[in-house]
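So in the working numbering the end of the sequence shown lands on 313, straight run, no missing numbers. Glycine included, each C-beta is placed from N, C-alpha and C at the ideal position.
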Amino acid sequence: MKVLVTGASGNGGQAVCRALLRAGHQVRMADVMPAKAADLAAAEFVRCDTRTVTDVREAVRGMDGVIHLAAWHCAHQPPVSDDTIFAVNVDGTYNVLEACRKEGIRSIVYASSMAYGWWSVYGVSKVIGEDLCRAYHEMTGASIAMLRYHEFIPRPYLEFGARLLRNGVDRRDVASATVLSLEAAASEAFGLFRTIVHTDHGMPEDVRADFARLGPEWCERQLPGGAALLERYGIELPKEVEQHDLSEASRVLGWQPRVGFLDFLRDLKRREEQGLEIRELFVPSELPGEDA
Ligand SMILES: NC(=O)c1ccc[n+]([C@@H]2O[C@H](COP(=O)([O-])OP(=O)(O)OC[C@H]3O[C@@H](n4cnc5c(N)ncnc54)[C@H](O)[C@@H]3O)[C@@H](O)[C@H]2O)c1
C-alpha cells in the first residue's frame, strides 16, 4: 500500500514508518519537521502542517491508507500550550479526515490514547478525535481503527523497564499494532474499531496481583539472576501490575505485543554482560539497529 503517516518524524512515527517499510509498504512521511534518522531518508517526506487544509490535501492525495499520528501531548518540555494542543489535535484531525473523504481514502488509523477523557485538554482532544472518526466512518463507510496507545514517551532505560509494569508499552509494539490495524482496515476486517495498545508480561494472575511480593521470585524462575538485577538497579516494583485484556486486538488484528517485562530483564542482563553503562542508556536507543 501507499501509506501517509502524519507526525512521522516523532517518536511513534519513526517506529511506525520503519515497520511499514519492513512490511513492504511505500511510505510518505508528513510532519512539520523532517526526521533526523538516516534509515528513513529513503522514504518520501512532505512538509505538512495538519492545521493547513491545503498541506493535508496534498499529502493525502494518491495514498491508499492514512495513519494519523500528528499531535502534541502533555509530556513535551518545555510544554506545548493547550491552545496549540487543541488546534493541532482537533483541527488537524478534522482536516486529515476531511481530506481522506475528499480523496476517497478507505483505510485509516487514528492515534488515540489511554489519556482519553475529560481531565485535560489533551484528553478531550482524543475524545473529539474518536468522535470525528466515528462521524467519518458513518458518513463515508471508511474502515477506521482508533488505537488507545499506552505510554511510550522517551525516557531513561531503567525507568522504561519499571514503566512497562505500569502503563508503559514499547514503541515497537505500538508500531506493529498500527501497521496491522492499517492492513486489517484495508481488508475491511472491521468498519470502526477501537482497541487498547499495551504490553503483556505473560505472568500468572496471582503474581500479577501481588507483584511487589511475588514478582522477584517469579522473575528469578523465568530468568536466573533476574531477582538480583531488580535489586542491583533498584527497580521499583508496583504492588500490582497493570494488565488489560488484549484478546480483541489479537482476534481482529492478529496482534500481540512482543516486549514484556521479562524481555526487558533479558535485555538488561545482556547489556550488563556487554559492560554497558546501564544508567546512561535511553529508550529509544540512538544506536543503529538497536530499535529494529
Ligand atoms: N507518546 C505516548 O506516550 C503516547 C501515548 C498515547 C497516545 N499517543 C499519541 O500517539 C501519537 C504519536 O505520539 P508521539 O509520542 O510519537 O509524539 P511525538 O511528539 O514524538 O511526535 C509527534 C509529531 O507530530 C508532529 N507535529 C506536531 N504538530 C504538527 C502539525 N501541526 N502538523 C504536522 N505534524 C505535527 C511533531 O513535529 C512530531 O514529530 C500522538 O497522536 C499522541 O497523542 C502518544
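Cβ-heavy atom distance, residue i to ligand 3, below 7 Å
i	result
residue 53	The ligand content of the structure shown is limited to ligand 1, which means ligand 3 is not among them.
Supposed contact pair residue j and residue i - C-beta distance, whole angstroms, cut 8 Å
i	j	result
residue 281	residue 199	Contact flag wrong, Cβ pair sits at about 19 Å.
residue 273	residue 210	6 Å
residue 27	residue 89	5 Å
residue 203	residue 153	Contact doesn't hold; Cβ gap of about 18 Å is too wide.
residue 25	residue 178	With a Cβ gap of about 32 Å, residue 25 and residue 178 do not count as contacting.
Beta-carbon proximity list for residue i, same chain, < 8 Å, skipping 5 on both sides
i	result
residue 184	172 and 176
residue 72	108, 109, 112, 113 and 116
residue 136	94, 95, 143, 144 and 147
Euclidean distance between Cα positions of residue i and residue j
i	j	result
residue 213	residue 41	21 Å
residue 96	residue 165	27 Å
residue 32	residue 248	31 Å
residue 365	residue 224	Absent from the model: residue 365. The displayed extent of the chain is 22 to 313, so no value can be given.
residue 142	residue 114	15 Å
residue 257	residue 87	39 Å
residue 187	residue 252	18 Å
residue 313	residue 191	Only weak support exists for where residue 313 lies, its pLDDT of 46 falling under 50; the coordinates are left without a value.
residue 156	residue 232	42 Å
residue 229	residue 68	45 Å
residue 268	residue 226	16 Å
residue 296	residue 30	32 Å
residue 105	residue 242	49 Å
residue 234	residue 49	48 Å
residue 57	residue 43	19 Å
residue 132	residue 284	25 Å
residue 99	residue 134	21 Å
Cβ neighbours of residue i in the same chain (closer than 7 Å, five flanking residues each side left out)
i	result
residue 250	286, 289 and 290
residue 195	33, 36, 170, 173 and 218
residue 276	197, 198, 201 and 270
residue 149	111
Simplified DSSP assignment, three categories, for residue i
i	result
residue 167	strand
residue 313	Low confidence applies here, because residue 313 scores a pLDDT of 46, under 50, leaving its location unreliable; read the following figure in that light. Looking at residue 313 - three-state DSSP - the assignment turns out to be coil, as it is neither helix nor strand.
residue 297	coil
residue 174	coil
residue 57	coil
residue 50	strand
residue 138	coil
residue 89	strand
residue 261	coil
residue 126	coil
residue 181	helix
residue 315	Lying before the first or after the last residue shown, residue 315 is absent from the chain, which here runs from 22 to 313.
residue 189	strand
residue 132	strand
Identity of the residue in the options nearest residue i by Cα
i	options	result
residue 39	61, 262, 54 and 55	61
residue 54	64, 43 and 70	70
residue 85	205, 103, 283 and 264	205
residue 47	245, 234, 23 and 151	23
residue 266	299, 181 and 222	222
residue 304	92, 163, 180 and 52	180
6 Å Cβ shell around residue i - same chain, five flanking residues per side excluded
i	result
residue 161	122
residue 262	186, 229 and 232
residue 120	77, 78 and 81
residue 239	228
residue 124	81 and 82
residue 278	194, 220 and 221
residue 264	229
residue 65	49
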